[in-house]
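Participant: Right, I'll just put the structure down here and ask away after.
Numbering (UniProt numbering), first residue to last: 1 to 507.
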């Protein structure tokens, strides 16, 4: 009995102590003054719970994970409040080095791959805003998460957290030696039943590709550039030509394309045609176009690194000197101009750049536009393949000279066959291969007459601005939304029914 009373007394003493401490804590924290569930206190708490770093950290410090989790907390908060965009619970994930670099703003002047990623992120990527507030797929309400530089382990963690909400993943294949694994290591399988379903994964490919995928058809390769259009029409809007093709809308060739051995209907292979995602031009409709008659006789050379002039170039160095001498007699003040810089001291030697090219040095994107719009032509030199720059040039009314090679050398002496586009390789820019003059002049590489002839046409023929409808903001946003909302599981089921899907996939 005494022991029971003693134990009860101890219990009451403990309760009293807890009560006293609770009163002290409650008084010091003043919970009653600002309840967490209302007003300013609630807002203050949410601000801290959903915050993300604004300072630029080293790419490898895991900053992308902080931002990713902040976005997930933001999503949770808006779902709890009931004020989310209808698409907010649909998550798009980037798992690509190029997209990570674009988001981290590592390169002041990005290459084509980063331009593509930035387009999916939106034009505000370089504004002074917090990382979780950037425009992107999110223009259409989707939640966009960067899974870092090909960090497949983190991607698997994300999938295990919010897998049902992840609708589309764009990623690199990965390298075993990078320590982050490859996608094949995290794909759903009998050994990994909680892995990422293969049909949610799209392989990052800047240019269109016919290679198969982990799912089977090339549909699961996403590209920034389409193949050369088979259907091209021109609509005039004032002084600007708007180019329409079959790629204005999302095309899923695994279900729309032609099967091997069957009569063609679409003209595109169900198995070998990748999915065009693309990017928007990000140039305002009222962008100032310099009147053609007011521009100097200037040709911009598309080659920003000296190694482009020595690594399988379209034109021998002597062509520039000869053309400069010849065309200077016809066109007052004629000059070649470029923005050329050394990126890799081991590969880039400024002495490799033809001396007749006036180098204006490194330029910001805005400065580059100012230079380009005061030219009459943009000269492709071989690399870089499928650069975004020709699109900007056409929108400014600057003609593009697109070099190509001949595939069938038995027609070397047959001029008619050499003009037959089916005998060409894809050239420097596959899309521009199908564009008519005066916007694009096709020139056979290493043929001086083609080289100087195309430049002469660009200097003497007025070019009006041209834009591709598939690259306009509205059309682009609609295509991105269609990609995110597409039932890709159903698409892989269709591919399996058509006999072009990879057997044994766990859906």
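C-beta: ideal position from N, C-alpha, C; glycine also.
Since the structure is predicted, the reported quantities are computational estimates derived from the model, not experimental observations.
Counting only runs of 4+ residues fully inside the stretch 341-387, write out the alpha helix (DSSP H) ranges in chain order.
Facilitator: 365-372
Participant: Give the straight-line distance between the Cα atoms of residue 279 and residue 469, rounded to the nearest whole angstrom.
Facilitator: 11 Å
Participant: What residue from 217, 462, 69, 198 has the CA that sits closest to residue 252's CA?
Facilitator: Closest option to residue 252, judged by alpha-carbon separation, among 217, 462, 69, 198: 217.
Participant: Going by DSSP, which residues form a beta bridge with residue 570?
Facilitator: Within the shown structure, residues of the chain are numbered from 1 to 507, placing residue 570 beyond reach of any answer.
Participant: With distances taken from CA atoms, which of 392, 303, 497, 329 is nearest residue 352?
Facilitator: Between residue 352 and the set 392, 303, 497, 329, the nearest pair of CA atoms involves 303.
Participant: Restricting to Cα atoms, I'd like to know which of 65, 436, 111 is closest to residue 364.
Facilitator: 111
Participant: Per the contact definition of three or more C-beta pairs closer than 8 Å, is the stretch 419-432 in contact with the stretch 492-501?
Facilitator: no
Participant: Using DSSP bridges, identify the partner residues of residue 146.
Facilitator: 94
Participant: Determine the DSSP secondary structure at residue 302, reduced to helix, strand or coil.
Facilitator: Residue state, collapsed to three classes: strand.
Participant: Please state if the CB of residue 379 and the CB of residue 406 are separated by a distance shorter than 7 Å.
Facilitator: no
Participant: Residues in the same chain with beta-carbon distance under 6 Å from residue 149, minus the five sequence neighbours each way, listed in chain order, please.
Facilitator: 97, 100
Participant: Would you call the stretch 289-307 and the stretch 263-274 in contact, with 3 or more CB pairs under 8 Å?
Facilitator: no
Participant: Where does residue 155 land, buried or exposed, given buried means 16+ other C-beta within 10 angstroms?
Facilitator: buried
Participant: Count the other CB atoms within 10 Å of the CB of residue 404; is the residue buried (16 or more) or exposed (fewer)?
Facilitator: buried
Participant: If you draw a straight line from the alpha carbon of residue 493 to that of residue 313, how long is it in whole angstroms?
Facilitator: The straight-line gap from Cα to Cα measures roughly 45 Å.
Participant: Per DSSP, what kind of secondary structure is residue 443 in: helix, strand or coil?
Facilitator: strand
Participant: Which value, in whole angstroms, describes the spacing of the CA atoms of residue 572 and residue 204?
Facilitator: A question about residue 572 goes unanswered here, because the residues of the chain that appear run from 1 up to 507.
Participant: Return the chain-ordered list of same chain residues with a C-beta closer than 7 Å to the C-beta of residue 347, the five sequence neighbours on each side being excluded.
Facilitator: 307
Participant: Would you please state the rounded distance, in angstroms, between the beta carbons of residue 371 and residue 339? I believe it to be under 8 Å.
Facilitator: 7 Å
Participant: So, for residue 394: in the same chain, excluding its five sequence neighbours on each side, which residues have a beta-carbon less than 6 Å away from its beta-carbon?
Facilitator: 439, 466
Participant: Nearest to residue 485 by CA position, among 79, 211, 81, 86, is which residue?
Facilitator: 86
Participant: Between the C-alpha atoms of residue 448 and residue 232, what's the straight-line distance to the nearest angstrom?
Facilitator: 30 Å
Participant: Quick one: give me the first and last residue of the beta strand (DSSP E) that residue 337 is part of.
Facilitator: Residue 337 -> beta strand (DSSP E) spans 335-338.
Participant: Could you tell me if residue 234 is buried or exposed, where buried requires 16 or more neighbouring beta carbons within 10 angstroms of its beta carbon?
Facilitator: A residue is called buried once 16 or more other Cβ atoms fall within 10 Å of its Cβ, and residue 234, having fewer, is exposed.
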